[in-house]
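>
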Amino acid sequence: MSNTWVVDLRHYLNENGAIEISSGPGLRLAQHIVAIVQETTGDPYNEGLFPKVPCRRRPNRKPCSGEIASFINPDNQHIIWVCPICEDNGLISGWQGTLWDLTRENTIEH
2 MSNTWVVDLR HYLNENGAIE ISSGPGLRLA QHIVAIVQET TGDPYNEGLF
52 PKVPCRRRPN RKPCSGEIAS FINPDNQHII WVCPICEDNG LISGWQGTLW
102 DLTRENTIEH
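Using this note's numbering, the first residue of the sequence shown is number 2, and each one after it goes up by one.
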């Protein structure tokens, strides 16, 4: 069974905009979330310009072989993501303007 993560990225950040958690499972989860934000905003047209984020789940104690698929919902600007193998999935809000938001760097016209 998969998890659904509903995350406001701002809850993981300190006043300087960096990840506030310094170690442990919370830090690993925060790093996974910011990697999804980077990949989604760094490659908005899914052209392979940014490395895919590997799934972090370990069903039956074995690493999932999936790569996260994600997009920005145009209606509310939330990042929606899913692993097509294990169906782990989530929604990320509060990512705009963070250190991992690469939308400003994507000026290529499509």
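Don't be surprised by glycine CBs; every beta carbon is placed ideally from N, CA and C.
All figures in this text were calculated on a predicted structure; none of them were measured in a lab.
For Leu10, count neighbouring C-beta atoms within 10 Å of its own C-beta (all shown protein chains included) and say buried if the count is 16 or more, exposed if not.
Here residue 10 refers to the residue found at position 9 when the sequence shown is read from its first residue. Buried, since its Cβ has 16 or more Cβ neighbours within 10 Å.
> Determine the contact status of Thr99 and Gly43, defining contact as a CB-CB distance below 9 Å.
In the sequence shown, residue 99 corresponds to position 98, counting from 1. In the sequence shown, residue 43 corresponds to position 42, counting from 1. No, they are not a contact pair.
> Within 10 Å of its beta-carbon, does Glu40 have 16 or more other beta-carbons around it, so buried, or fewer, so exposed?
Sequence index remark: in the sequence shown, residue 40 carries index 39 (1-based). Glu40 should be labelled buried.
> Can you tell me the Cβ-Cβ gap for Ile69 and Ile37, rounded? I've got them flagged as a contact below 8 Å.
For the purposes of this step, residue 69 is taken as the residue at position 68 of the sequence shown. For the purposes of this step, residue 37 is taken as the residue at position 36 of the sequence shown. About 6 Å separates the two Cβ atoms, so the contact holds.
> What residue range is occupied by the uninterrupted alpha helix (DSSP H) comprising Ile37?
Numbered from 1 along the sequence shown, position 36 holds the residue referred to as residue 37. Element bounds for Ile37: Gly25 to Gly43.
> On the criterion of 16 or more Cβ atoms from any shown chain inside 10 Å, does Val7 qualify as buried, or is it exposed?
Start at 1 with the first residue of the sequence shown, and residue 7 comes out as number 6. Burial call: exposed.
> With DSSP run on the structure shown, which of helix, strand or coil describes Asn177?
Shown here, the chain extends from 2 to 111; a query on residue 177 therefore has no answer.
> Buried or exposed, going by whether 16 or more other CB atoms sit within 10 Å of the CB of Ser24?
One-based indexing of the sequence shown puts residue 24 at position 23. Under this definition Ser24 is an exposed residue.
> DSSP has Val54 in a bridge; who is on the other side?
Taking the sequence shown and counting its residues from 1, one reaches residue 54 at position 53. Bridge partners of Val54: none, in fact.
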